[in-house]
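Numbering of the sequence shown is given in the working numbering, commencing with residue 2 and proceeding in unit increments.
Down below is the structure, laid out as structure tokens.
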Amino acid sequence: MSPELDAKLCADYPLIFDITAAVDPDAPALLSSFAAWGFECGDGWYDLIDALCWNLQQATKNGGPQVVASQVKEKFGGLRFHVSAPSEEQIRMIELAETMSARLCEIRGNRGKLIQTNWVRTRCSEHEGGD
Ligand SMILES: [Zn+2]
């Protein structure tokens, strides 16, 4: 993801994208994959991640836990959004976003589909040939 969009998500959802959060309380120096690598996916999923985070924080305001991202990446053409200790409601929000990601071009966010070349990616017809 571009540095600008990465920074915007971190600024809008500082409690979810807390890169200082320790993965293991017993090993505070051990940072998460998210802290090390940031958003490991394309700009096309920015709106999807933004909408997901907005809903996750609404759930927190309504009494749910505060989730903290440990890894956000593309795998097999879909979004993988790993967080600490989500509620059942938050798990369902994440599952919906992950399902939708396989229908949205990872480059621009318009309608896409899973395509297989050397590996599986989600792309619209315009970006089918490229990465
Ligand atoms: Zn595209």
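Quick reminder that beta carbons are idealized off the backbone N, C-alpha and C, glycines included.
All values reported here derive from a predicted model rather than from experimental measurement.
Classification of Gln117 by the beta-carbon crowding that lies within 10 angstroms, buried from 16 upward: Classification of Gln117: exposed, given that the 10 Å Cβ count is below 16.
Simplified DSSP state of Ala28, which is helix, strand or coil: Assignment of Ala28 by DSSP, reduced to helix, strand and coil, places it in the strand class.
Whether Val68 touches Gln91 by CB criterion (8 angstroms): Yes, Cβ-Cβ distance for Val68 and Gln91 is below 8 angstroms.
Residue range of the beta strand (DSSP E) that includes Ala70: Boundaries of the beta strand (DSSP E) around Ala70: Ala70 to Lys76.
Collapsed DSSP secondary structure at Leu105 in the structure displayed: Three-state DSSP puts Leu105 in a strand.
Anticipated Cβ contact below 8 angstroms, Gly43 with Glu107, distance rounded: Right, their Cβ atoms sit about 4 angstroms apart.
Residue from Glu96, Gly45 and Glu75 whose Cα sits closest to the Cα of Leu105: Answer by Cα proximity: Gly45.
Assumed close pair Tyr14, Gln58 - CB separation to whole angstroms, cut-off 8 angstroms: Indeed, because the Cβ distance is near 6 angstroms, the residues count as touching under 8 angstroms.
Those residues which DSSP pairs with Leu80 across a bridge: Under DSSP, Leu80 takes part in a beta bridge, and its partners are Glu75.
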